[in-house]
Amino acid sequence: MSINGVEAVEFLSSIKDRVSLHKKDNTDKFWSYKIKSAKNTEFAFDPKTTTGLFIRVDRQPPSIPGISNIERISGKDVSTALDRVFSGGLHKANFVLTIENLGAFNDFIAHYESL
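Each residue of the sequence shown is one higher than the one before, counting from 1 in full-length UniProt numbering.
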């Protein structure tokens with residue numbers, strides 16, 4: 001079963017002990033979250049999308065089933081909204097990827113918790 005931005009927000013609100021909402025863009029185009037771990041990995045996505053879950057993340061994504069279309073975007077022209085929701089420095093949108101289902105989204109978060 002696929003997942004979209006609306007469903008991702010619902011899931012993340014149920015695991016507040018693992019992730020926290022970091023910042024919402026003033027146009028609501030992107031919301032960013034911090035994974036509660038030593039590295040404080042940040043990721044962002046459009047919370048209103050209903051066609052899929054397209055994550056921007058600051059660290060190399062894991063190679064796990066259900067994560068696809070990984071592309072390095074650091075140094076490329078990206079939405080200015082991403083600059084507003086990431087902390088900056090090491091925490092900026094470096095990769096974009098597609099999360100295909102809820103299980104993969106949970107595994108994505110668990111990967112960064114283990115760092």
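Every residue gets a Cβ at the ideal spot worked out from N, C-alpha and C, and that includes glycine.
Taking DSSP as the reference, what is the three-state secondary structure of residue i?
{"i": "Ser-13", "result": "helix"}
{"i": "Ala-110", "result": "helix"}
{"i": "Gly-5", "result": "helix"}
{"i": "Ala-44", "result": "strand"}
{"i": "Phe-54", "result": "strand"}
{"i": "Gly-88", "result": "strand"}
Which one of the options has the shortest CA to CA distance from residue i?
{"i": "Pro-65", "options": "Phe-105, Leu-12, Thr-49 and Phe-11", "result": "Phe-105"}
{"i": "Leu-115", "options": "Thr-41, His-22 and His-91", "result": "Thr-41"}
{"i": "Lys-24", "options": "Gly-75, Asp-58, Phe-11 and Ser-87", "result": "Ser-87"}
{"i": "Val-6", "options": "Asp-77, Ile-73, Asn-101 and Ile-35", "result": "Asn-101"}
{"i": "Val-78", "options": "Pro-62, Leu-21, Gly-103 and Val-57", "result": "Val-57"}
{"i": "Pro-47", "options": "Lys-36, Leu-21 and Ala-38", "result": "Leu-21"}
Span of the alpha helix (DSSP H) holding residue i?
{"i": "Arg-72", "result": "First-last for Arg-72: 67–72, but that is the beta strand (DSSP E), not the alpha helix (DSSP H)."}
Provide the residue span of the beta strand (DSSP E) that contains residue i, from first to last.
{"i": "Thr-98", "result": "95–99"}
{"i": "Arg-84", "result": "Element bounds for Arg-84: not the beta strand (DSSP E) but the alpha helix (DSSP H), 80–85."}
{"i": "His-22", "result": "19–24"}
{"i": "Lys-39", "result": "Segment: none, Lys-39 is in no beta strand (DSSP E) and carries neither H nor E."}
Return the chain-ordered list of same chain residues with a C-beta closer than 6 Å to the C-beta of residue i, the five sequence neighbours on each side being excluded.
{"i": "Ala-8", "result": "Leu-53"}
{"i": "Val-85", "result": "Lys-23, Asp-25, Phe-30, Ser-32 and Ala-44"}
Leaving out the 5 sequence neighbours to the left and right, which residues in its chain are closer than 7 Å to residue i when beta-carbon positions are compared?
{"i": "Leu-12", "result": "Val-19 and Tyr-33"}
Between residue i and residue j, which are expected to be in contact by the criterion C-beta below 8 Å, what is the C-beta distance as a whole number of angstroms?
{"i": "Phe-95", "j": "Gln-60", "result": "7 Å"}
{"i": "Ile-15", "j": "Ile-67", "result": "With 8 Å as the limit, Ile-15 and Ile-67 do not qualify as a contact, their Cβ atoms being about 18 Å apart."}
{"i": "Leu-97", "j": "Asn-69", "result": "6 Å"}
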